[in-house]
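Report on the following structure.
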Amino acid sequence: MDRQTLRDWVHRYNNEGLDGLVNRSLPGRRPMLSAEQMGELAELVEAGPAPETDRVIRWRRIDLCHVVKRRFGIRVVERTMGSILRRLGFVELSARPRHLQSDPEAQDLYKKLRRAGLRGAA
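Quick note, in the numbering used here, the sequence shown goes up one by one and the last residue is 126.
Below, the structure written as structure tokens:
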């Protein structure tokens, strides 16, 4: 054992007792986004993109990186965005996007005809 390490432990024990010898977690890096910004990002993800303004039909991490850069002036890489989204409680599942001009009635008719074996008759 290094003498300096032993000396540090003795000082910690003398100052704090046994609690001073417990490994402490390091403070780590300061978060890139503030609590307000994280809340705003969570609301944005929940609401989903507006196809007219955001030009996407579902959020990808890279799209959210661009939004954060535009709104907050903070550059975030995709991998970090994934960590932020996990911290906010989002998982990497996405619903199948729906086309803006899809016709639900025509889809139902297709499903009925397919079940009946008449797919080519329509």
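Ideal Cβ placement from N, Cα and C applies to all residues, glycine included.
Just so it is clear, the structure is predicted and the values come from calculations on it, not from any experiment.
Per DSSP, F76 is one residue of the alpha helix (DSSP H) stretching across 65–76. Taking D67 as the centre and dropping the five residues before and after it, the same chain places the C-beta of V60 closer than 6 angstroms to its C-beta, in chain order.
Between the alpha carbons of R65 and E82 lies a gap of roughly 6 angstroms. By the Cβ test, the segment 36–55 is in contact with the segment 85–94, since at least three Cβ pairs between them sit closer than 8 angstroms.
9 angstroms or more divides the Cβ of R11 from the Cβ of G24.
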